[in-house]
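Asks:
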Amino acid sequence: MTRIAIVLGSTRPGRDGEAVAKWVHGIARDRDDAEYELVDTADFRLPHLDEVIPPALGSTPGPTPGRGRTRSPRSRGTCS
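What follows is the structure in structure tokens.
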């Protein structure tokens, strides 16, 4: 069966995309044409994306300490 990843792209604390990604995943789970997996980029070690302040707002102090886990998605196709 086809596997499709629903990717939550933000890793910052207080991100708004988590609620949207979970909502989309909830709708997708009711479909029977593919397996849908919620992939959270915060589950990967991506320190350059783990800044408290968005880069567009100026310089940042660096990655948030203690964030980042390792995990590999099972999905082959992606949808964001």
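In terms of UniProt numbering, the sequence shown opens at residue 1 and continues consecutively. Using N, Cα and C, we set each Cβ at its ideal position, and we do this for glycine too.
#1: Classify V39 as buried or exposed, calling it buried when 16 or more other Cβ atoms lie within 10 Å of its own Cβ.
#2: Please state the DSSP three-state secondary structure of R29.
#3: Whose C-beta lies closer than 6 Å to the C-beta of G9 among residues of the same chain, with five residues either side of it excluded?
#4: Measure the alpha-carbon distance for V23 versus A56 and round it to whole angstroms.
#5: Assign T2 to buried or exposed, taking buried as 16 or more other Cβ atoms, counted over all protein chains shown, within 10 Å of its Cβ.
#6: Taking buried to mean at least 16 other C-beta atoms within 10 Å of its own C-beta, is A19 buried or exposed?
Replies: Looking at the coordinates:
#1: buried
#2: helix
#3: T41
#4: The residue you asked about is not Val; residue 23 is Trp in the sequence shown. Taking the straight line joining both Cα atoms gives about 27 Å.
#5: exposed
#6: exposed
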